[in-house]
Amino acid sequence: MIQKTFLMVKPDGVQRSIIGEVISRFEKKGFQLVGAKLMHISQELAETHYGEHKEKPFFGELVKFITSGPVFAMVWEGENVISVSRQMVGKTNPQEALPGTIRGDYGLIVDKNIIHGSDSPESAEREISLFFESEELTFYKKDADAWIY
Ligand code: DAT
Ligand code: MG
1 MIQKTFLMVK PDGVQRSIIG EVISRFEKKG FQLVGAKLMH ISQELAETHY
51 GEHKEKPFFG ELVKFITSGP VFAMVWEGEN VISVSRQMVG KTNPQEALPG
101 TIRGDYGLIV DKNIIHGSDS PESAEREISL FFESEELTFY KKDADAWIY
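Numbering (the working numbering), first residue to last: 1 to 149.
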């Protein structure tokens, strides 16, 4: 099923110049970029985005971290992109994430794990609409799709 998902290079990934590497991996996989922007997350957006973790002991640090510098927010489209991109992102704790995944290749500790990816169709829809206006998303036909699908 063709889906859309929300992926975001976190402040540590931006500072460490991993934006290009992240884009490159999803591009080469065959997914299509439909929206992207460099932005600073407000306190309010951070608390809403991570609302499911409000009661967790790390919530305060998480919000502080995600608002500590610019992030690179993206929407990607493609066949099963939600679960496939989560596999490419790797496990939450980079020490458990397999080599070959983004977190497995670039991260070391759980609170600086480089990238966020939506974990279900519901969260993808919610997160895309939290971060992007519909006019910011671009839909276009890529001729290379004939060689991917
Ligand atoms: P994921 O980002 O893999 O979906 P999550 O939704 O469980 O993971 O948690 C959101 C973020 O919160 C995660 O990317 C990093 C941070 N986090 C999770 N568990 C943590 C912990 N035990 N200590 C510190 N930060 C944690
Ligand atoms: Mg999550």
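For each residue, glycine too, the CB sits at the ideal point set by N, CA and C.
When the five nearest sequence neighbours on each side are left out, the beta carbons in the same chain lying within less than 7 Å of the beta carbon of residue 91 are those of 97 and 103, in order along the chain. For residue 52, the CB falls within less than 8 Å of some heavy atom of the ligand DAT. Residues 9 and 72 of the same chain have their beta carbon placed closer than 6 Å to that of residue 19, with the five preceding and five following residues left out of the count. Residue 139 is a Cβ neighbour of residue 34, given a cutoff of 9 Å.
Within the stretch 25-69, the runs of beta strand (DSSP E) that reach at least 3 residues and sit entirely inside it are, in chain order, 32-39. Looking at the DSSP output, residue 2 sits in a beta bridge with 79.
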